[in-house]
Every structure is written in C-alpha cells, then in structure tokens.
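In what follows, a single structure is set out as structure tokens and then discussed.
Residue numbers (the working numbering): 357 to 577.
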C-alpha cells in the first residue's frame with residue numbers, strides 16, 4: 357500500500373464518517389433478518405356527533421345509577437317503616453285484646469257479685485221453712501228472692517219484655533194458646549206463662565203468652 361494511502365477514517369475525517377442510515381431492517385444476534393413490525397394503523401378521527409352522543413349516554417347512565425341507588429335507599433326506608441308499623445299494630449292489637457279480656461272478666465265479676473244476694477235470700481227462705489211451716493212466709497221469701505234476682509239482671513242491662521195488655525208481636529212473643537175475648541181485645545196478649553227478656557237490642561228469649569181472639573158476632577147483630 358502506498359504510504360499516502362491511509363485508513364478511511366484518516367482520509368474522510370470523523371464528521372464525514374457519520375453517514376445517516378435509513379435502512380430499518382433488523383437482524384438478530386445470528387445475523388438473521390427479523391421481520392419488520394406491521395405498520396400501526398392510524399386511529400380514524402371520530403365524528404363530533406358521535407362523541408357528543410357518547411357523552412350524553414355516559415351522563416344518562418350515571419343518572420340512572422344514581423336513581424337506582426336512591427330507589428334502593430327509599431325501598432330500605434319503606435321496609436323499615438313497614439316493619440315498625442306492623443310491630444306497632446301487633447302491639448296495639450295485643451293491648452286491645454288484653455283490655456277487652458279484662459273488661460269481660462270485670463263484667464263477669466260484677467254480675468256474679470250481684471247474684472250472691474239472690475243466693476243468700478234462697479238460703480234464708482230454705483232455713484226459714486225448716487223452722488216456720490207457714491206457707492205465707494215461704495211465699496214471701498220466694499217473692500223477695502225473685503225480685504232480687506230480677507234486680508240483678510236489670511243491673512247488667514237485662515230488660516223484661518212487656519206482654520199482658522200489649523199487641524202480640526211475633527218478634528217478642530211466642531203464642532202458646534188463644535182465648536176468646538171482646539172485639540177490642542182482639543190480638544192483645546191476655547196472659548203470660550213465662551216472662552221474656554232482652555239484653556240491649558238482642559232478645560234473650562221471647563215471652564210465652566196467650567193471645568186474645570175476638571168473638572164472632574151473631575148473624576142478628
């Protein structure tokens with residue numbers, strides 16, 4: 357080699373050696389070429405209307421989710437209020453039942469208390485009949501006992517059904533037999549065999565009575 361011939365570096369200089377390389381081929385460590393990456397597809401630009409619609413849909417979804425969350429809260433409060441109301445109703449019903457039972461027991465107690473004097477009068481009548489054979493005294497004792505018993509019934513609201521002298525009423529009277537009477541007494545109660553009683557507006561039992569039937573007039577009258 358000629359002495360003037362130097363290395364390429366010496367002849368070209370350092371700056372001239374920096375040649376830009378546009379070859380983008382890639383090789384592995386064995387010198388084999390590696391396939392190039394596929395070109396990246398450019399994302400197409402989206403229309404403004406589509407973007408606006410997507411934003412509107414997103415906002416609508418958020419509102420729906422908020423409404424559903426609120427509805428769940430309202431339903432929970434409703435269930436809680438319903439459970440409390442059912443509990444209060446059950447407690448109120450139980451208190452009412454206890455009150456009614458207490459009143460019923462008190463009414464029974466009061467009625468039994470009014471019957472005790474009747475029993476006392478009967479015992480006195482029995483005892484008097486053992487020492488005094490007079491029928492008149494026994495009769496008076498029985499009459500007094502019957503009156504005290506009726507008073508006991510009246511004290512709890514029991515009333516006797518009016519009968520003798522009143523018009524026959526099939527809702528209050530039970531006709532046992534009939535008797536011929538004057539025309540003005542037709543359909544009237546003429547006798548009572550057993551007294552009827554009412555409790556308020558309810559009929560405990562009808563009075564068993566005799567009903568008058570007007571006498572048939574003769575042909576000449």
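We treat Cβ as the ideally placed atom computed from N, Cα and C, and that holds for glycine.
Contact check, residue i vs residue j under 8 Å by CB: the rounded distance?
{"i": "residue 528", "j": "residue 517", "result": "5 Å"}
{"i": "residue 305", "j": "residue 497", "result": "In the structure as shown, the chain begins at 357 and stops at 577. Residue 305 is therefore absent and cannot be evaluated."}
Beta-carbon separation of residue i and residue j under 8 Å?
{"i": "residue 544", "j": "residue 523", "result": "yes"}
{"i": "residue 483", "j": "residue 494", "result": "no"}
{"i": "residue 552", "j": "residue 519", "result": "yes"}
{"i": "residue 571", "j": "residue 525", "result": "no"}
Rounding to the nearest angstrom, what Cα-Cα distance links residue i and residue j in this structure?
{"i": "residue 569", "j": "residue 535", "result": "6 Å"}
{"i": "residue 504", "j": "residue 457", "result": "28 Å"}
{"i": "residue 428", "j": "residue 450", "result": "33 Å"}
{"i": "residue 357", "j": "residue 388", "result": "Because residue 357 carries a pLDDT of 47, less than 50, the predicted location of this residue cannot be relied on, and no value is offered for it."}
{"i": "residue 408", "j": "residue 425", "result": "26 Å"}
{"i": "residue 465", "j": "residue 453", "result": "18 Å"}
{"i": "residue 420", "j": "residue 455", "result": "51 Å"}
{"i": "residue 440", "j": "residue 448", "result": "12 Å"}
{"i": "residue 530", "j": "residue 559", "result": "12 Å"}
{"i": "residue 415", "j": "residue 435", "result": "30 Å"}
{"i": "residue 491", "j": "residue 540", "result": "39 Å"}
{"i": "residue 403", "j": "residue 431", "result": "42 Å"}
If I measure Cβ to Cβ from residue i and keep anything under 8 Å in the same chain, skipping five residues before and after, which residues do I get?
{"i": "residue 478", "result": "501"}
{"i": "residue 386", "result": "none"}
{"i": "residue 463", "result": "512"}
{"i": "residue 574", "result": "Its pLDDT being 39, under 50, residue 574 is placed unreliably by the model, and the measurement read from it follows with that caveat. Excluding sequence neighbours, residue 574 sits near nothing in its chain."}
Apart from the five residues on each side of it in sequence, which residues of its chain come closer than 6 Å, Cβ to Cβ, to residue i?
{"i": "residue 550", "result": "564"}
From the options, pick the residue whose C-alpha is nearest to that of residue i; which is it?
{"i": "residue 511", "options": "467, 431, 560, 542", "result": "467"}
{"i": "residue 547", "options": "521, 540, 559, 558", "result": "521"}
Can you give me the Cβ contacts of residue i inside the same chain, cut-off strictly under 7 Å, excluding the 5 residues immediately before and after it?
{"i": "residue 474", "result": "501, 504, 505, 508"}
{"i": "residue 344", "result": "Since the first residue of the chain shown is 357 and the last is 577, residue 344 is not available in this structure."}
{"i": "residue 561", "result": "552, 553"}
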